[in-house]
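Undergrad: Below is one structure. I have some questions about it.
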Amino acid sequence: MDALFGTHLTWLDAVYQILGFLVLMWLLKRYALGPVMDMMEKREKHVADQISSAEKNREEAEKYLAEQREAIQTARNEAKEIVERTKKLSEQQASEIIASAKKDAERIKETAIAEINQEKEQAISALREQVSTLSVLVATKVIEKELNEQEQEKLIRETLKEVGEEL
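Numbered continuously in this note's numbering, the sequence shown closes out at residue 172.
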């Protein structure tokens, strides 16, 4: 009987040990593992949130970088347009200055030509007066002397020579 009872006690001890183990597991789960698991889940959620936040921040940074690159490109394009407009404006102003200078030069040239023509007309008029005066002088001398043809020609040459020296 001892053998039966000794074996029986071993089985009974094993059942008690199993029951004790199950109670211990239940207590651990309820009071130790439950809060630890909750804490682990919270920690896992927190890490997932941080990863999500970091990913969102990275995407925002990439978006901001793309916007900045676009803004820089826009600024470059605007600067290029300003330079081109300034160049065109300066070329236009240069053309206007050249055209104005040509106009002024043409006006000055026309004024000079008009003055030259006026002075030429005055000189011709003065010359005509001198020629007419000389003609009268020659005619007077011819009448006074009643010269022959050779003497008249000589007189005309001398008179023309005198006129040439006066001019």
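Cβ atoms here follow ideal geometry from the backbone N, Cα and C, with glycine treated the same way.
#1: At the level of alpha carbons, what is the spacing between Ile-161 and Arg-133?
#2: Look at Gln-135 and Val-168 and say whether their C-beta atoms are less than 8 Å apart.
#3: In chain order, which beta strand (DSSP E) runs of at least 3 residues are fully inside the region 37-115?
#4: Counting only the same chain and skipping the five closest in sequence on each side, list residues whose C-beta sits under 8 Å from that of Gln-98.
#5: Return the CA-CA distance between Glu-83 and Glu-101, expressed in angstroms with no decimal places.
TA: Looking at the atomic coordinates:
#1: One C-alpha to the other measures close to 16 Å.
#2: Between Gln-135 and Val-168, the C-beta gap is smaller than 8 Å, which places the two residues in contact.
#3: DSSP runs (the beta strand (DSSP E)) wholly in the region 37-115: none.
#4: Shown here for Gln-98: not one same chain residue has a beta carbon closer than 8 Å to its own, the five before and five after excluded.
#5: Straight-line Cα distance between these residues: approximately 26 Å.
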